[in-house]
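Chains as they are written, first to last, in my numbering: chain G, 1 to 168; chain C, 1001 to 1273. So the structure is just underneath, and the comments pick up after that.
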Amino acid sequence: MNRDAALQVGRFIILVLTQVMILNHINFLGYLNPYIYIIFILLAPININKSLFLFISFFLGLIMDVFGDSGGIHAAACTIIAFFRPVALRSVFGLSYEFQTLKLSNLGFGERFAYVTLMVLTHHIVLFSLEIFNFSHILLIAKKTLFTSLFTIVITMLVLVLFRRNDS
Amino acid sequence: MQQIINFLTRNKHSLLFLLLLLLSLIFTIQSHSYHRSKFVSSTNFISGGVYGWQHSVSDYFRLKKENERLLDENERLHNRLSALAIDSVALKHIDTLSFDKPYTFIKARVIKNDYSKIDNYILINKGEKDSIFPDMGVITDKGIIGIIENTTKNYGRIISILNSNSRINAGLKKSDQYGSLVWNGKDPNIVQLETIPRQAILKEGDTIITHGRSTIFPRGIGIGTIVNYKLNQNKSYYLIDVKLFNDMTNIGFVYSIKNSDAEEIKSLEKPNL
């Protein structure tokens, strides 16, 4: 196992444990929990094997579901953002993604913010639609998605800044 | 044939995506129907172990409150005991609580408690090893918590009353009218009591209790008090907001209720179905 794979595995385990043991119990204002475990999907290497990536993302979501007794909602949301990540990358970064020269660790703040926002919003819309599972509660879905997304985006940006690898 | 294989290899990512998505949707749909969400459950060895370990740490932060609650309960039980001792008729029927005999209580500790989602579950640290099985009721000293839904050897999962799939028979303390207790997903301290007929006479502050019409809960366990009520659209029954006696956001110990007559009663009911 080379160094990069070990880093990914370590990140996976740490994110899952942090999410399950600390962040799922925050309940800010009664119901807001940030779901930062998707940082794993955000930061996965660009040139990763696509099928493998889909499987890992599904598995990551399933672990969240097992811990949260939530059926398959995290698994579905994670699979969807893993599948659409290339679309998000292309729409935010354009050419540098096409030529595979992109490095997520040395991007400008604005681009990274756009990328995180896009992914988090997609994830949360799917997540809460499936959790509530009732379109007569569409306002509740919108409310939960909006506030939780704000919370998640802020925490995610903080984590990305704090734990940046110094490659220089 | 060649074309089919070509098609499969060309679209293998999309197909894999659709397969995984379908799988997760099946899990989701199962979890929305009562008693079928057994596959993805936190009662397994790993997640139960992690929660147990986490709880062994976070337990210390709650000790003081928990002690106070136990002292309260002790005080109440002592008072009841002394009242029984004076009454010589009641002396002959001393049992754990004032309920009929078939019920026994098994204590358990909550190691995971949700209340911020729409479908909430509670995990306890006892399972089949301690003779806890599905369809047993769960209470605290103050009132009801939910019903055991899924058990493994060491862990049990409770479907909390704060769950959109939960339906529990409940009624007024002062009359025999009853309805079903549901939750609308908004406030973890308020649940809704439906289908109380309009003939019932209600007042804010009335007590709601379990009615013992199923084999799960004995009659007379407290649930909460009425804070608000109104007639439904076609004015045939009341919709009642009930404030729970329990603080669902802070549960330490629970008792699960074993009804030793449950099978006998169910075998009687079966031919009528």
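Virtual Cβ for every residue (Gly too), placed ideally from N, Cα, C.
Residue i - containing beta strand (DSSP E), residue span
{"i": "C/G1222", "result": "1222-1231"}
{"i": "C/K1258", "result": "1253-1259"}
{"i": "C/A1262", "result": "Looking at the DSSP string, C/A1262 is not in any beta strand (DSSP E); the run it does join, the alpha helix (DSSP H), is 1262-1269."}
Residue from the options whose Cα sits closest to the Cα of residue i
{"i": "G/N24", "options": "G/I132, G/S149, G/M64", "result": "G/M64"}
{"i": "G/L158", "options": "G/L89, G/G94, G/L127, G/F109", "result": "G/F109"}
{"i": "C/I1148", "options": "C/N1154, C/V1138, C/K1142", "result": "C/V1138"}
{"i": "C/S1136", "options": "C/N1074, C/K1112, C/Y1103", "result": "The question names Ser, but residue 1136 of chain C is Met in the sequence shown. When only C-alpha atoms are compared, the closest one is C/Y1103."}
{"i": "C/G1052", "options": "C/L1077, C/R1109, C/I1029, C/R1010", "result": "C/R1109"}
{"i": "C/N1064", "options": "C/S1175, C/E1263, C/N1250", "result": "Per the sequence shown, residue 1064 of chain C should be read as Lys rather than Asn. The shortest Cα separation from C/K1064 among C/S1175, C/E1263, C/N1250 belongs to C/N1250."}
{"i": "G/S149", "options": "G/S136, G/K50, G/H123", "result": "G/H123"}
{"i": "C/S1031", "options": "G/G68, G/L32, G/N47, G/L121", "result": "G/G68"}
{"i": "C/K1266", "options": "C/N1232, C/M1248, C/G1220, C/R1213", "result": "C/R1213"}
{"i": "C/R1171", "options": "C/N1154, C/L1239, C/D1119", "result": "With the sequence shown as reference, residue 1171 of chain C is identified as Gly, and Arg is not the correct amino acid for it. Closest option to C/G1171, Cα to Cα, is C/L1239."}
{"i": "C/F1017", "options": "G/I153, G/F84, G/V154, G/H137", "result": "G/F84"}
{"i": "C/E1073", "options": "C/E1269, C/N1120, C/D1141", "result": "C/D1141"}
{"i": "G/R164", "options": "G/N49, G/T145, G/L107", "result": "G/L107"}
{"i": "G/L146", "options": "G/N134, G/R90, G/P34", "result": "G/P34"}
{"i": "G/K50", "options": "G/P86, G/I26, G/N27, G/G71", "result": "G/P86"}
{"i": "C/I1046", "options": "C/V1057, C/A1262, C/M1248, C/Y1155", "result": "C/Y1155"}
{"i": "C/Q1054", "options": "C/I1226, C/K1112, C/A1262, C/D1206", "result": "C/K1112"}
Residue i to residue j span [Cα, whole Å]
{"i": "G/I125", "j": "G/A142", "result": "8 angstroms"}
{"i": "C/S1164", "j": "G/L118", "result": "30 angstroms"}
{"i": "G/I80", "j": "G/F55", "result": "11 angstroms"}
{"i": "C/I1158", "j": "C/T1195", "result": "25 angstroms"}
{"i": "C/G1224", "j": "C/L1193", "result": "11 angstroms"}
{"i": "C/L1022", "j": "G/F53", "result": "17 angstroms"}
{"i": "G/T156", "j": "C/I1122", "result": "28 angstroms"}
{"i": "C/R1198", "j": "C/I1209", "result": "18 angstroms"}
{"i": "C/F1217", "j": "C/R1062", "result": "28 angstroms"}
{"i": "G/F58", "j": "C/K1012", "result": "16 angstroms"}
{"i": "C/E1264", "j": "G/V66", "result": "35 angstroms"}
{"i": "C/H1093", "j": "C/L1077", "result": "A caution first: C/H1093 carries a pLDDT of 47, below 50, which makes its placement in the model unreliable, though a value can still be read off. Each residue's Cα considered, the two are about 15 angstroms apart."}
{"i": "G/A5", "j": "C/L1025", "result": "30 angstroms"}
{"i": "C/D1114", "j": "G/R112", "result": "33 angstroms"}
{"i": "G/L139", "j": "C/D1119", "result": "18 angstroms"}
{"i": "G/M21", "j": "C/T1028", "result": "23 angstroms"}
{"i": "G/T152", "j": "C/E1068", "result": "37 angstroms"}
{"i": "C/H1211", "j": "C/I1144", "result": "12 angstroms"}
{"i": "G/L32", "j": "G/G94", "result": "33 angstroms"}
{"i": "C/D1130", "j": "G/N2", "result": "46 angstroms"}
Same chain, Cβ closer than 7 angstroms to residue i, five either side skipped, listed in chain order
{"i": "G/G10", "result": "none"}
{"i": "G/L127", "result": "I73, H74, A77"}
{"i": "C/N1259", "result": "P1102, Y1103, T1215"}
{"i": "G/A88", "result": "Y115, L118, M119"}
Own chain residues within Cβ distance below 8 angstroms of residue i, not counting five before or after
{"i": "C/L1015", "result": "L1008"}
{"i": "C/T1151", "result": "T1043, G1127, E1128, I1132, F1133, P1134, R1157"}
{"i": "G/I39", "result": "R11, L15, T156, V159, L160"}
{"i": "C/D1087", "result": "Per-residue confidence for C/D1087 stands at a pLDDT of 49, beneath the threshold of 50, marking its modelled position as unreliable; no derived number is given."}
{"i": "C/W1183", "result": "I1161, L1162, N1163, S1164, S1166, V1191, Q1192"}
{"i": "G/C36", "result": "For the sequence presented, residue 36 of chain G should be read as Ile rather than Cys. The answer, listed in chain order, is L15, T18, Q19, L23, T152, I155, T156, V159."}
Start-to-end residues for the alpha helix (DSSP H) that takes in residue i
{"i": "C/T1210", "result": "Segment 1207-1210 is the beta strand (DSSP E) holding C/T1210; no alpha helix (DSSP H) there."}
{"i": "C/I1005", "result": "1002-1010"}
{"i": "G/K144", "result": "138-162"}
{"i": "C/I1240", "result": "First-last for C/I1240: 1237-1244, but that is the beta strand (DSSP E), not the alpha helix (DSSP H)."}
{"i": "G/I48", "result": "Run containing G/I48: none; DSSP gives neither H nor E here."}
Same chain only: Cβ atoms within 6 angstroms of residue i, ignoring 5 sequence neighbours per side
{"i": "C/E1066", "result": "G1252"}
{"i": "C/Y1229", "result": "L1202, Y1238, I1240"}
{"i": "C/I1168", "result": "L1181"}
{"i": "G/F114", "result": "A small fix is needed here, since residue 114 of chain G is Ala in this sequence, not Phe. Excluding positions up to five away in sequence, the list reads V92."}
{"i": "C/R1010", "result": "none"}
{"i": "C/A1200", "result": "Q1177"}
> If you scan the segment 1102-1152 of chain C from start to end, which runs of the beta strand (DSSP E) of 3 or more residues do you find wholly inside it?
Replying inline: 1103-1113, 1119-1124, 1137-1139, 1144-1151
>> Quick check on the DSSP output: what are the complete alpha helix (DSSP H) runs of length 4 or more inside the segment 53-133 of chain G, in order along the chain?
In response: 73-93, 95-98, 109-132
>> As an exercise, report each continuous alpha helix (DSSP H) stretch of at least 4 residues that is fully enclosed by the segment 1038-1065 of chain C, in chain order.
In response: 1045-1058
> Where in the segment 1145-1201 of chain C do unbroken runs of the beta strand (DSSP E), each at least 3 residues long, occur, reported from the N-terminal end onward?
Replying inline: 1156-1163, 1168-1172, 1178-1182, 1190-1197
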